[in-house]
Amino acid sequence: MATKIKIRLGDTVRVIAGSAKGSEGTVLSILRENNRAIVEGVNMIKKHNKPSAQNPQGGITEKEAPIHISNLSLLTSDGKTTRVGYKVENDKKVRIAKKTDEVI
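Number 94 in our numbering belongs to position 92 of the sequence shown; there are no gaps in the numbering.
Written out as structure tokens, the structure is:
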């Protein structure tokens, strides 16, 4: 059973652990089954491609590898990391930043 993922597509996050610590980016996709996310410009890997019809030259391409959700922290509007909480406003459940209490 996967834990609840509080980071969503399009959120700006900072890496808080691992080799990419300190780097920031936007969440491009979330892999719920593995509790991982792909963040723009973070955890880059080099992939060696064989020549094919689409890419007759082959070569080496760089792309983002998934990073575990526990190594990511959401950024507030002023650029500080925060945890995510929930609050009910006008009969609607909204995400809030724990540090600033602002609606995300």
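The beta carbon of each residue, even a glycine, is placed where N, CA and C say it ideally should be.
No experiment lies behind these values; they were computed from the predicted model shown.
Integer-rounded CB distance, given that Val-17 should sit under 8 Å from Asn-73: 6 Å
Contact between the segment 29 to 48 and the segment 63 to 71 (3+ Cβ pairs under 8 Å): yes
For Ser-31, the nearest candidate out of Lys-82, Gly-24 and Val-44 (CA to CA): Val-44
Helix, strand or coil at Ile-7 according to DSSP, with G and I counted as helix: coil
Contact check, Glu-42 vs Gly-24, beta carbons under 8 Å: no
Cα-Cα separation, Gly-61 to Met-46: 16 Å
Simplified DSSP state of Ile-40, which is helix, strand or coil: strand
Presumed contact (8 Å Cβ cut-off) between Thr-78 and Thr-102, rounded CB distance: 6 Å
Reduced DSSP secondary structure (H/G/I, E/B, other) of Ile-69: strand
Local conformation of Glu-35 per DSSP, three classes: helix
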